[in-house]
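Numbering (our numbering), first residue to last: 680 to 817.
Listed below in C-alpha cells is the structure:
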C-alpha cells in the first residue's frame, strides 16, 4: 500500500506492508506524517509489519536516503505508534550521521561498549519518542 500526503506542499510517499487489520490505516498514516514532520525528515521509506521475537517491538535501517522500519504485528495501537516514533528517531540519527550501522553500531564515530538499552542512541531515541508522543496525544 502506498500512502500519499494530504498536504500538497509535502511531496512524499511511503510504502506500507502487512498492516494488521486491527490497526486503523488512517490513524497509522497520520502518525507516519506526524513523525516525519516533527523530525523534519523525508527519506524514501518502507514500513513492514512482521512477527517478531517476544519483547522486540521494532527495528530500523537506513542507507543512502532509503529507510526501512519493521514493527511487530503483535503490538497494540499505542505501542505500535510509539515504536514507529522510536524507529523514526533512529532514522533521523542515521541521516544526521550520529548513528552508523554495520556489524557494530557507532555513535558519533565511536563504538559503544555496554548495555544496548543504555547506549547513547537508545537514550536519545526514548527521550525524543516521548516528546513526539506528548505532542501526538495533545
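Using N, Cα and C, we set each Cβ at its ideal position, and we do this for glycine too.
Cα-Cα separation between residue i and residue j, rounded to whole angstroms
i, j, result
"residue 752", "residue 731", "7 Å"
"residue 768", "residue 807", "7 Å"
"residue 725", "residue 699", "16 Å"
"residue 728", "residue 722", "19 Å"
"residue 771", "residue 736", "18 Å"
"residue 779", "residue 791", "11 Å"
"residue 785", "residue 801", "12 Å"
"residue 774", "residue 812", "21 Å"
"residue 799", "residue 697", "31 Å"
"residue 789", "residue 782", "13 Å"
"residue 684", "residue 795", "Per-residue confidence for residue 684 stands at a pLDDT of 45, beneath the threshold of 50, marking its modelled position as unreliable; no derived number is given."
"residue 713", "residue 720", "11 Å"
Residue i burial status per 10 Å Cβ neighbour count (16 or more: buried)
i, result
"residue 701", "exposed"
"residue 754", "buried"
"residue 762", "buried"
"residue 759", "buried"
"residue 704", "exposed"
"residue 707", "buried"
"residue 741", "buried"
Bridge-paired residues (DSSP) for residue i
i, result
"residue 816", "Answer by DSSP bridge pairing: none, since residue 816 is not bridged."
"residue 789", "786"
"residue 741", "746"
"residue 805", "DSSP lists no partner for residue 805."
Residue i and residue j closer than 9 Å at C-beta
i, j, result
"residue 691", "residue 718", "no"
"residue 733", "residue 815", "no"
"residue 797", "residue 766", "no"
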